[in-house]
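K.L.:
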Amino acid sequence: MKAVNLITLSLIAAGLTAPVLAQQTEADKDDFYLGARLGVFSADDDRVAVDNNQLFFVDDGFKTFTSGIEAGYMMTEAWEARIYYDYMEADLVGGGDAYGDSYGVDALYHFNNNIYAGLGVNNTEIGEVTDVAARATVGHRSFINDNLAWRVEGGVQRGWEEDYTEMFANIGLQWFFGGRDASPEPRPRPEPQKAAPEPKPEPKPVDSDGDGVIDANDKCANTPKDYSVDKDGCIQYENETITEELLVEFDLNSSKIRDNAFDDIEEMAEFMKEHPQLDITIHGHTDSTGEADYNQWLSEKRAKSVADVLVNRYGIESSRVDSKGHGETQPKVREDSAADRQANRRIEAILKVVNRVPKERE
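In this note's numbering, the protein residues as written are 29 to 390.
Next up, the structure:
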């Protein structure tokens, strides 16, 4: 992927350093072009990807690199149709990479020889997770000579199924086939056409299960009315993040688990059994009473006592359980009272998992 990006960047850089004509050229009607593109993509912070049959969050920000090709056709001097394809390499939260691609079609309107904007439909797939989105684009294009132009553009896309909001930016080099009028005079804009008369309404199609998709197009009959469906009448799914937290407090100078804490530990054990792909780290803490070395030893002992209960009492594999002590270095609250010191004598652990669940109809 890095080699593809380097080659694309070299081609674009070579085009941008070509001699520029003294007179500005522009694209004319019936012109067709092919181009190379290189850019970055900012994933939604809720976007997930599949890696080794596990779900991971995709790192947000402009950390996904793209490179690809495009082709376009000037339907008029102002309107342009374009298709494109991008290969994508994304970083995953926690390390690792996910790969995918993005392709779509745009309708672009040129306000003048340089500035344009448009709307389109895009399909983005990262790590086997796909989302269809509406995309808005704004850009700038300049000709280097009669046939070669460079452009830069950016925009935003909004997913239809997953509600992802994501941004992108890219640069491109385009080779035009066909002659262009090099005249600097402004080109005329097409006159708006009168709207065609509205056709008479046809009989309303039948929708037996009331999901909003007529029977002729419904591929999933009798879907529950509480769930949202796609264009084929089949149930849509969305990601749901489930969080399980464990907090156990200890007596002063003690690593013995209180009797009322075992129910919470058992609940965490059941959560781990339901999600065998998850591992856990128990973090032990103390208050600021006593020497730092002693508090470090006591925090490790508290964390290990809870880890041992998960393994020996509730049957969690020892390879999935780790413990770590932090001494007095990470207080939960500022110690201004005995109650504050009690709150800091604790262990903590947090687990999260992302599930695919049916999307409820709004």
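No residue lacks a Cβ here, since even glycine has one placed at the ideal position from N, Cα and C.
Compute the beta-carbon to beta-carbon distance between H313 and V381, rounded to the nearest angstrom, for a pair I have assumed lies under 8 Å.
P.N.:
25 Å between Cβ atoms; not a contact.
K.L.:
Between F60 and N198, what straight-line distance do the alpha-carbon atoms span, to the nearest angstrom?
P.N.:
20 Å
K.L.:
Go through its chain and collect everything with a Cβ distance to I375's Cβ below 6 Å, but skip five positions before and after it.
P.N.:
Listed in chain order, the non-local C-beta contacts of I375 below 6 Å within the same chain comprise V276, I310, G312, R330, A331 and V334, local neighbours out to five positions each way being set aside.
K.L.:
Put E356 into one of helix, strand or coil per three-state DSSP.
P.N.:
E356: coil per DSSP, three-state reduction.
K.L.:
Measuring straight from C-alpha to C-alpha, what distance separates P225 and V149?
P.N.:
28 Å
K.L.:
Using beta-carbon positions only, say whether K259 and V241 come within less than 8 Å of one another.
P.N.:
yes
K.L.:
Let me check understanding here. Comparing Cα to Cα, which of N383, K222, A297 and R286 lies closest to N81?
P.N.:
N383
K.L.:
Helix, strand or coil: how does DSSP classify D350 here?
P.N.:
strand
K.L.:
Could you tell me if E190 is buried or exposed, where buried requires 16 or more neighbouring beta carbons within 10 angstroms of its beta carbon?
P.N.:
buried
K.L.:
Alpha carbon to alpha carbon, how far is N372 from D292?
P.N.:
18 Å
K.L.:
Please return the same chain residues whose Cβ sits closer than 7 Å to the Cβ of Q358, not counting the five positions on each side in sequence.
P.N.:
Here Q358 has H313 as same chain residues with Cβ atoms under 7 Å from its own Cβ, once five neighbours each way along the sequence are excluded.
K.L.:
Would you report the Cα separation of M296 and D114, rounded to the nearest angstrom?
P.N.:
43 Å
K.L.:
Let me check understanding here. Comparing Cα to Cα, which of W203, S346, D254 and K247 lies closest to P386?
P.N.:
D254
K.L.:
Under a Cβ-count criterion, where at least 16 other Cβ atoms within 10 Å of its own Cβ denotes burial, should A244 be classed as buried or exposed?
P.N.:
exposed
K.L.:
Taking the CB atoms as reference points, tell me whether G183 and A161 lie closer together than 8 Å.
P.N.:
Contact flag unset, no.
K.L.:
Candidates E390, K57, M300 and I378: which alpha carbon is nearest W107's?
P.N.:
K57
K.L.:
Would you mind stating whether G261 and C248 have Cβ atoms separated by less than 8 Å?
P.N.:
Yes, the pair counts as a contact, with Cβ atoms nearer than the cut-off.
K.L.:
Hey, how far is the Cα of N142 from the Cα of V349?
P.N.:
Distance from the CA atom of N142 to the CA atom of V349, rounded to whole angstroms, is 60 Å.
K.L.:
Can you have a look at T94 and say buried or exposed, based on whether 16 or more other CB atoms are within 10 angstroms of its CB?
P.N.:
Looking at its Cβ environment, which holds 16 or more other Cβ atoms inside 10 Å, T94 is buried.
K.L.:
Compute the distance between the beta-carbons of G394 and E98, then report whether it is under 8 Å.
P.N.:
Since the displayed the chain opens at 29 and closes at 390, residue 394 lies outside it and no answer follows.
K.L.:
Which residues does DSSP pair with L275 in a beta bridge?
P.N.:
E376
K.L.:
Please classify Q82: does DSSP put it in a helix, a strand, or coil?
P.N.:
DSSP places Q82 in strand when its eight states are reduced to three.
K.L.:
Using C-beta distances below 6 Å, list every residue in its chain close to S327, excluding the 5 sequence neighbours before and after it, in chain order.
P.N.:
G312, H313, T314, G353, H354 and G355, listed in sequence order.
K.L.:
Is I293 helix, strand or coil when you go by DSSP?
P.N.:
helix
K.L.:
Alpha carbon to alpha carbon, how far is W325 from Y112? Give it in angstroms, no decimals.
P.N.:
60 Å
K.L.:
With L326 as the anchor, note down where its alpha helix (DSSP H) starts and where it stops.
P.N.:
If you look at L326, you'll find it in the alpha helix (DSSP H) that goes A320 to D336.
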